[in-house]
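K.L.:
Residue numbers (full-length UniProt numbering): 1 to 340. We put the beta carbon where it would ideally sit given N, CA and C, even for glycine. Remember, it's a predicted structure, so these values are computed and weren't measured experimentally.
(1) Identify every run of the beta strand (DSSP E) within the stretch 87–175, keeping only runs that are complete inside it and at least 3 residues long; order them along the chain.
(2) State yes or no: is the C-beta of residue 153 nearer than 8 Å to some heavy atom of the ligand PLP?
(3) For the stretch 202–210 against the stretch 179–192, do three or more pairs of beta-carbon atoms, one drawn from each stretch, fall closer than 8 Å, so that the two count as touching?
(4) Using a Cβ distance threshold of 8 Å, determine whether the stretch 152–172 contacts the stretch 302–317, with at least three qualifying pairs required.
(5) For residue 46, which of 14, 30, 318 has the nearest alpha-carbon?
(6) If you follow the alpha helix (DSSP H) that residue 236 is part of, which residue opens it and which one closes it?
(7) Quick one, which of 76, 325, 322 has its alpha-carbon nearest residue 186's?
(8) Does the stretch 315–325 come close enough to the stretch 279–290 to have 3 or more Cβ pairs within less than 8 Å?
(9) Quick one: grab the DSSP three-state call for residue 253.
(10) Could you work out which residue in 54, 23, 55 is closest to residue 40 when comparing CA atoms only?
(11) So, with DSSP's three-state summary, where would you put residue 217?
(12) Around the Cβ of residue 126, are there at least 16 other Cβ atoms within 10 angstroms (buried) or fewer (exposed)?
(13) Using the three-state DSSP reduction, which class does residue 56 fall into: helix, strand or coil?
(14) Less than 9 Å between the beta carbons of residue 222 and residue 81, yes or no?
(15) Report yes if the C-beta distance between residue 300 and residue 188 is below 9 Å; otherwise report no.
(16) Buried or exposed: residue 199, going by 16 or more other Cβ atoms within 10 Å of its Cβ?
(17) Identify whether residue 330 lies in helix, strand or coil by the three-state DSSP scheme.
(18) Let's see if you can read the secondary structure: which residues bound the beta strand (DSSP E) around residue 76?
(19) Please confirm whether residue 128 and residue 293 have their CB atoms less than 9 Å apart.
(20) Grab the span of the beta strand (DSSP E) containing residue 244 for me, first residue to last.
(21) Name the two residues that bound the continuous beta strand (DSSP E) containing residue 291.
(22) If we ignore side chains and look at the alpha-carbon of each, how far apart do residue 340 and residue 205 end up?
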């Protein structure tokens with residue numbers, strides 16, 4: 001059966017989501033010869049995945065992972081990674097600002113894989129306890145308006161694929177599925193992609209996965225964030241509507257910034273950058289976080305425009321709300337979250 005799927009992919013066919021689900025199931029169960037699996041995954045990546053194939057893989061993986069439920073309307077903001085630009089953890093900082101503005105945020109992430117510092121690494125460096133149980137993660141969300149979900153804890157079966165992925169040695173569909181595997185059913189999502197060819201496909205996949213409103217972004221300089229250095233391509237989904245446009249930072253009076261101004265290195269330095277900007281330190285790092293937090297606020301219906309959303313995000317910084325949110329997350333995750 002798996003060999004038939006591989007032949008169809010090689011011949012240029014697209015799989016239905018149910019077939020892609022079965023493929024994911026067989027891969028997770030180690031029911032596939034390593035060579036055949038490699039041929040399938042490389043052919044799929046070369047041809048480019050369809051939204052139905054992505055959805056099939058997502059559902060196949062989520063049905064074998066730990067799921068969480070809540071009454072909150074939740075947002076996640078993250079990127080696929082892989083842009084190779086080594087910026088600091090912009091989406092993590094933006095998530096904290098967004099939460100401080102009253103949006104419930106479920107930040108799903110991992111340690112560094114292709115970059116120098118993942119969201120888990122920088123949060124840990126800031127003092128946040130990242131390896132929380134599902135119940136503690138939900139309590140942290142209740143207490144602070146934001147929680148962190150450490151991906152390996154919720155998707156233990158993905159470890160089985162590590163030898164295969166190492167054997168293949170090139171990016172596959174598994175390299176960009178992470179942002180779609182949040183243990184909660186999200187209402188809103190801002191998703192950055194480093195591969196422009198994936199952008200529209202991922203936007204359509206988010207629609208089919210039930211997001212009420214979402215934004216898939218790819219900067220013209222390759223960033224999987226909204227760029228402060230030039231135009232960013234945007235696919236925005238609202239219900240069954242999909243529209244494409246560009247975000248130009250010059251429209252929001254963002255000072256001219258170069259990529260070198262927002263570079264990060266290790267977890268300790270990136271944590272320092274985030275703490276300083278949440279404390280109100282002006283400069284390029286704050287500017288790029290304001291842009292990306294604004295996108296989340298607009299998608300979560302806290303603002304009608306990017307211009308309004310930037311002002312809301314700036315007020316959260318200036319008033320100390322954003323820094324207070326970080327301090328609460330540190331405190332409750334380490335000391336108080338287990339107290340009912």
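P.N.:
Checking against the coordinates, here is how it stands:
(1) 104–109, 146–150
(2) Only the bare structure without any ligand can be found here, which leaves the ligand PLP out of the picture.
(3) yes
(4) no
(5) 14
(6) Per DSSP, residue 236 belongs to no alpha helix (DSSP H); it is in the beta strand (DSSP E), 232–238.
(7) 76
(8) yes
(9) coil
(10) 23
(11) strand
(12) buried
(13) helix
(14) no
(15) yes
(16) buried
(17) helix
(18) 74–79
(19) no
(20) 241–247
(21) Segment 284–299 is the alpha helix (DSSP H) holding residue 291; no beta strand (DSSP E) there.
(22) Here residue 340 scores only 36 on pLDDT, less than 50, and its place in the model should not be relied on; the value that follows carries that caveat. Distance between the alpha carbons of residue 340 and residue 205 is about 37 Å.
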